[in-house]
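Protein chains in written order, with full-length UniProt numbering: chain A, 1 to 148; chain B, 1 to 148.
Okay, so here's the structure we're looking at.
Number of protein chains: 2
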Amino acid sequence: MTDPLSKRRLKTWIRLLGVTRSAENHLREFLRVNHDTTLPRFDVMAALWRRRDGVTMSELSRMLLVSNGNATAVVDRLEKDGLAKRTQSATDRRTVYVALTEEGLRVFEGQAADHEGEVNALFGKLSEADLDALTEILRRAAEKGETT
Amino acid sequence: MTDPLSKRRLKTWIRLLGVTRSAENHLREFLRVNHDTTLPRFDVMAALWRRRDGVTMSELSRMLLVSNGNATAVVDRLEKDGLAKRTQSATDRRTVYVALTEEGLRVFEGQAADHEGEVNALFGKLSEADLDALTEILRRAAEKGETT
DNA sequence: GCTGGAAATTTCAAGCTTGAAATAAAATCG
DNA sequence: CGATTTTATTTCAAGCTTGAAATTTCCAGC
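In structure tokens, the structure reads:
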């Protein structure tokens, strides 16, 4: 039988997508204008910053929810610009660790502070209660289980 | 002065992005496997279906929150596959209307029913109250005003 | 120690996406 | 009217992204 909430879930998903895209577009423009960088580069650098002691390419693509090939391409470009570097694992010759360079670290930290400010402004209308509620709903949404 | 909620807003935004990407990845795979199509094509067709009496290229890209060049490229491919067609405006020779063809309409309606079912399953854990709350929070988030 | 399968990464083609520049047509206004 | 500006679309280069295939290395079981 058809779920009576089906249409509402679809509509809400479309709204969610709209808000997310809109915020992404805003942040993309912000990073481009103020830091001459792109969202994918920023995302990769953020992941590398969060795991400063080293990440493998696979972990990186899992963290960012993108394909392996994608991670390879973005890291290639960051490496070419001297912002990231690869290191072969000593114990497993298939594995490659990626990390920010000194410069990458410095550059990212400058971007990150600004980026946080922009996100804060973008979602300035959300109160603490909103954030709590949203977090809880997102947690439940991520369960992707059956209809209640 | 620094906003005490700033870090929480950032964290919530990252979660929101994670849930959205995860759902998009799932739906992309679903459309690929079951309907041999892609998310961007589906999105464009959905917009054309919603506005069956015709949309201009500009309206289309605004609806989807993508660049003009992007809309052009996707519509080009849909047109090549006989799923969409362009028509010159009679009154303004700059303007182009896009619409689904008969086949496009038929194909989309098949995909859409399935897609809705998949979204419903994906967010099956969200109750009606959750959907109400989420919609309200998203509405507020979209206001992008100052901190309260 | 072999051998077959699993895992980590890269490569590649095709499609997606942006932002800027180019084209063309319409609107504004002196 | 004619010049300027605005609007609609396309084109293009560069970067992003996927999914599949290729490579290399490790691991499990014989």
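Think of the CB as a built atom: it goes at the ideal place given N, C-alpha and C, for glycine as much as any other residue.
Predicted model, so just to flag it, every value in this text is computed and none were measured.
Put residue i into one of helix, strand or coil per three-state DSSP.
{"i": "residue 185 (chain B)", "result": "Look at the range of chain B in this structure, 1 to 148, and you will see that residue 185 (chain B) is not part of it."}
{"i": "Lys85 (chain B)", "result": "strand"}
{"i": "Leu100 (chain A)", "result": "strand"}
{"i": "Val66 (chain B)", "result": "coil"}
{"i": "Thr72 (chain B)", "result": "helix"}
{"i": "Thr56 (chain B)", "result": "strand"}
{"i": "Arg94 (chain A)", "result": "coil"}
{"i": "Arg51 (chain B)", "result": "coil"}
{"i": "Lys125 (chain B)", "result": "coil"}
{"i": "Ala141 (chain A)", "result": "helix"}
{"i": "Thr12 (chain B)", "result": "helix"}
{"i": "Leu5 (chain B)", "result": "coil"}
{"i": "Thr20 (chain B)", "result": "helix"}
{"i": "Asp114 (chain B)", "result": "helix"}
{"i": "Asp36 (chain B)", "result": "coil"}
Please list, in chain order, the chain B residues whose beta carbon lies closer than 8 Å to that of residue i.
{"i": "Phe108 (chain A)", "result": "Within chain B, no residue comes near Phe108 (chain A); the closest Cβ sits about 14 Å away, beyond 8 Å."}
{"i": "Asn120 (chain A)", "result": "Asp3, Leu5, Ser6, Arg9, Leu10 and Thr147"}
{"i": "Phe123 (chain A)", "result": "Arg9, Thr12, Trp13, Ala141 and Lys144"}
Would residue i count as contacting chain B if we go by Cβ distances under 8 Å?
{"i": "Asn25 (chain A)", "result": "yes"}
{"i": "Val44 (chain A)", "result": "no"}
{"i": "Leu100 (chain A)", "result": "no"}
{"i": "Leu39 (chain A)", "result": "no"}
{"i": "Leu48 (chain A)", "result": "no"}
{"i": "Leu138 (chain A)", "result": "yes"}
Assuming residue i contacts residue j (C-beta within less than 8 Å), just tell me the rounded distance between them.
{"i": "Thr37 (chain A)", "j": "Gln111 (chain A)", "result": "7 Å"}
{"i": "Arg52 (chain B)", "j": "Val74 (chain B)", "result": "Rounded, the Cβ-Cβ distance is 18 Å, inconsistent with contact."}
{"i": "Leu60 (chain B)", "j": "Val98 (chain B)", "result": "6 Å"}
{"i": "Ala84 (chain A)", "j": "Leu100 (chain A)", "result": "6 Å"}
{"i": "Leu10 (chain B)", "j": "Glu116 (chain A)", "result": "5 Å"}
{"i": "Thr20 (chain A)", "j": "Thr20 (chain B)", "result": "5 Å"}
{"i": "Lys125 (chain A)", "j": "Glu143 (chain B)", "result": "5 Å"}
{"i": "residue 199 (chain A)", "j": "Thr56 (chain A)", "result": "This structure gives no information on residue 199 (chain A), because the portion of chain A shown stretches from 1 to 148."}
{"i": "Asp114 (chain A)", "j": "Asn34 (chain A)", "result": "6 Å"}
{"i": "Leu138 (chain B)", "j": "Arg15 (chain A)", "result": "5 Å"}
{"i": "Phe108 (chain B)", "j": "Trp49 (chain B)", "result": "5 Å"}
{"i": "Ala23 (chain B)", "j": "Phe123 (chain A)", "result": "20 Å between Cβ atoms; not a contact."}
Taking Cβ-Cβ distances shorter than 7 Å, what residues in chain B pair up with residue i?
{"i": "Val33 (chain A)", "result": "Those do not exist, as Val33 (chain A) stays about 16 Å from chain B at its closest Cβ, beyond 7 Å."}
{"i": "Arg21 (chain A)", "result": "Leu65"}
Given that residue i touches chain B, what residues does it touch there, using C-beta distances under 9 Å?
{"i": "Glu116 (chain A)", "result": "Ser6, Lys7, Arg9 and Leu10"}
Please decide whether residue i counts as near chain A, where near means a Cβ-Cβ distance under 8 Å.
{"i": "Glu59 (chain B)", "result": "no"}
{"i": "Glu128 (chain B)", "result": "yes"}
{"i": "Leu131 (chain B)", "result": "yes"}
{"i": "Leu105 (chain B)", "result": "no"}
For residue i, return the contacting residues in chain A, with the cut-off set at a CB-CB distance below 7 Å.
{"i": "Thr135 (chain B)", "result": "Thr12 and Arg15"}
Would you say the beta carbon of residue i comes nearer than 7 Å to a heavy atom of the ligand HEM?
{"i": "Arg62 (chain A)", "result": "Within the structure as shown, the ligand HEM is missing, as the structure has no ligands at all."}
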